[in-house]
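Enquirer: Please find one structure pasted underneath; my questions will follow.
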Amino acid sequence: MPLSQSRAGQVPCSSKVCRNLFGPVDHDQLQNDFEDLLRQHLEEAQHRWNFNFETETPLEGHFKWERVLLAEQPSQEILNLGKATSSECRSSLAHKVPSKDHLGGSHAEASQQSSEFGRAGSPQHLKRGQATIKDFYSSKRRVVRDKPRL
Amino acid sequence: MEHQLLCCEVETIRRAYLDANLLNDRVLQTMLKAEETCSPSVSYFKCVQKEILPYMRKIVATWMLEVCEEQKCEEEVFPLAMNYLDRFLSFEPLKKSRLQLLGATCMFVASKMKETIPLTAEKLCIYTDNSIRPDELLQMELLLVNKLKWNLAAMTPHDFIEHFLTKMPLAEDTKQIIRKHAQTFVALCATDVKFISNPPSMIAAGSVVAAVQGLHLGNTNTFLSYQCLTHFLSQVIKCDPDCLRACQEQIESLLESSLRQAQQHNVSSETKTVEDEADLSCTPTDVRDVNI
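Note that the protein sequences, when read in sequence, are chains A and B.
The first sequence begins at 0 in numbering that gives the first Met the number 0 and counts up one residue at a time.
The second sequence begins at 0 in numbering that gives the first Met the number 0 and counts up one residue at a time.
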């Protein structure tokens, strides 16, 4: 399939495929709704993880959050989450006790949040004993897998 | 000596061979279990949506298929995008004026999942006649993946077709033509609301039977005779042979009505999708002759 070739060319805007199907989009209203819904998602995540993802502070709840200081502290650019390419979180946090009622179905949130924090797969070498968000999540996954055997 | 440049790039995208290790029973059984986890709700028009009606899904699906065809997307992109669209609509009421934004976003994500050179946000916005902006598409993307709980690797009927063909004792060129025709049927099914309730494995099996029937392959090969093939495939996907036959008949009647519609619209040159689709397959006349 000549995929790259066809993609390289400009989209012919005169093409009959270019069409608006259901009338004009209310851009301002759409923007407001997006903000509401994303805020709602953030609140749900905050509730589920008892963690304020905006201020990066733990809250009271099932999970016990613990600050871990890393040897290699990534710079402030991590604050710009959308462009975060560095692998570790600004203030990596790990928790000790995964509470059982949160185990089921938390996988999805895990990937969601790891993307919010930037990719956790670390090419950098971590000091032994230090934990990252990735460690936190993989330990959760291990617990889920082991559960039936117990 | 003169400098000469030789262009070694080929027209086609290079693909890996199908991995035989992934085309075995163990994987198929896992797929049959997994397909239920990513299936949309059948009744979302009644239970969730207030503005969106079944005919609107048809409109947006037809447009999405046209975009995928014009951009020569991989065959799986369109059915995967429709899976995302249906699943999103199963959870979240949406305004009619935003359905095209959702459709574009679903193609955007599905293309990233399945293609080496994915569709860009800018290009998709142009296809909406610039009624949406790239930043809106990106925000919608975030919303979509959140709603789908990041379960983006949904099964498509295409995944099952490969398994069926691997199990069938046929020559490679016969498999190729069955694959082509079946994929056309799969795309057709994805545009139609009636098929939301069918799991991908059923659509795949029904499409393969419809393809074999359309190509009259059962006359010369006993394995491909109607009874034998429906019996075989229903065992593979663990369903009642009658259910499979019902699905295949539904597919054939959808083809028939779509072709009739296309002929009516031919003069006004609108919605020629079905004909375009038929052109994708190697011998469109075969499919048509049988069904009209």
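Every residue gets a Cβ at the ideal spot worked out from N, C-alpha and C, and that includes glycine.
Are the stretch 126-135 of chain B and the stretch 76-92 of chain B touching, with three or more C-beta to C-beta distances below 8 Å?
Expert: no
Enquirer: Closest to A/PHE62 by CA distance: which of A/LEU68, A/ASP27, A/PHE50 and A/GLU55 is it?
Expert: A/PHE50
Enquirer: Please report whether the beta-carbon of A/GLY60 lies at a distance below 8 Å from any beta-carbon of chain B.
Expert: no
Enquirer: I think B/GLU34 touches B/MET154, with their Cβ atoms under 8 Å apart; what is that distance to the nearest whole Å?
Expert: Yes, they are in contact, since the Cβ atoms of B/GLU34 and B/MET154 sit about 4 Å apart, within 8 Å.
Enquirer: Among B/THR29, B/ASN220, B/TYR126 and B/GLU161, which has the Cα closest to the Cα of B/GLU69?
Expert: B/TYR126
Enquirer: Please name the residue, chosen from B/ILE51, B/ALA210 and B/LEU147, that lies closest to B/SER38 on a Cα-to-Cα basis.
Expert: B/LEU147
Enquirer: On the premise that B/ALA210 lies in contact with B/ILE177, defined as a C-beta separation below 8 Å, what is that separation, rounded to the nearest angstrom?
Expert: 5 Å
Enquirer: Excluding sequence positions up to five away, which residues of its chain have a Cβ less than 7 Å from the Cβ of B/ASP117?
Expert: Note that residue 117 of chain B is Pro in the sequence shown here, rather than Asp. Excluding residues within five positions, the ones whose Cβ falls inside 7 Å are SER110 and LYS111.
Enquirer: If contacts are defined as beta-carbon pairs under 8 Å, then B/THR229 and B/VAL208 qualify, I think. What distance do you get, rounded to the angstrom?
Expert: 6 Å
Enquirer: Quick check on the DSSP output: the alpha helix (DSSP H) that includes B/GLU248 runs from which residue to which?
Expert: 240-264
Enquirer: Going by C-alpha distance, which of B/GLN48, B/ALA186, B/MET55 and B/LEU151 is nearest B/GLU65?
Expert: Here the closest residue by C-alpha is B/ALA186.
Enquirer: Looking at the secondary structure, which residues open and close the beta strand (DSSP E) in which A/TRP64 lies?
Expert: 64-66
Enquirer: Starting from B/HIS180, follow the alpha helix (DSSP H) in both directions and report where the run begins and ends.
Expert: 171-190
Enquirer: Does any residue of chain B bring its CB to less than 8 Å from the CB of A/HIS46?
Expert: no
Enquirer: Check this for me: beta carbons of B/MET139 and B/LEU98, under 8 Å apart or not?
Expert: no
Enquirer: Check the Cβ of A/PRO23 against every Cβ in chain B and list those closer than 9 Å, keeping chain order.
Expert: SER96 and SER130
Enquirer: On the criterion of 16 or more Cβ atoms from any shown chain inside 10 Å, does B/GLN263 qualify as buried, or is it exposed?
Expert: exposed
Enquirer: If you follow the alpha helix (DSSP H) that A/PHE52 is in, where does it begin and where does it stop?
Expert: Unbroken run through A/PHE52: none, as it is neither H nor E.
Enquirer: Is it the case that the Cβ atoms of B/ALA189 and B/ALA60 are separated by a distance below 8 Å?
Expert: yes
Enquirer: I want to verify the contact list: residues of chain B whose CB lies under 9 Å from the CB of A/ASN51, in sequence order.
Expert: The premise fails here: A/ASN51 is roughly 18 Å from chain B at the closest Cβ pair, so nothing lies under 9 Å.
Enquirer: Report the rounded CA-to-CA distance for B/ILE12 versus B/GLN247, giving the unit in angstroms.
Expert: 32 Å
Enquirer: Roughly how many angstroms separate the alpha carbons of B/ILE58 and B/PRO92, rounded to a whole number?
Expert: 18 Å
Enquirer: Nearest-angstrom Cα distance between A/ARG118 and B/LEU137?
Expert: Its pLDDT being 40, under 50, A/ARG118 is placed unreliably by the model, and the measurement read from it follows with that caveat. Roughly 18 Å between the two C-alpha positions.
Enquirer: Following the continuous alpha helix (DSSP H) through B/GLY205, name the residue where it begins and the one where it ends.
Expert: 199-213
Enquirer: Can you tell me whether DSSP reads A/PRO57 as helix, strand or coil?
Expert: Three-state DSSP puts A/PRO57 in a strand.
Enquirer: Can you give me the Cβ contacts of A/LEU41 inside the same chain, cut-off strictly under 8 Å, excluding the 5 residues immediately before and after it?
Expert: PHE52 and GLU53
Enquirer: Considering only the alpha carbon of each residue, which of B/ASP191, B/LYS193, B/LEU164 and B/PRO168 lies closest to B/LYS179?
Expert: B/LEU164
Enquirer: Go through the stretch 5-53 of chain B residue by residue and report every complete run of the alpha helix (DSSP H) that reaches 4 residues or more, in order.
Expert: 24-33 and 43-46
Enquirer: Between the alpha carbons of B/LYS71 and B/SER40, how many angstroms are there, rounded?
Expert: Cα to Cα, the separation comes out at about 30 Å.
Enquirer: Inspect the beta-carbon positions of B/SER96 and A/PHE21 and report whether they are closer than 8 Å.
Expert: yes
Enquirer: For B/GLY217, which of helix, strand or coil comes out of DSSP?
Expert: DSSP, reduced to helix, strand and coil, places B/GLY217 within a helical segment of the structure shown.
Enquirer: Could you work out which residues of chain A lie near B/GLN138, taking near to mean beta carbons separated by less than 7 Å?
Expert: PHE33
Enquirer: Determine, using beta carbons only, whether B/PRO53 and B/VAL144 come nearer to each other than 8 Å.
Expert: For B/PRO53 and B/VAL144, no; Cβs fall outside 8 Å.
Enquirer: Mind listing the chain A neighbours of B/LEU141? Cutoff is C-beta to C-beta under 8 Å, in chain order.
Expert: LEU37
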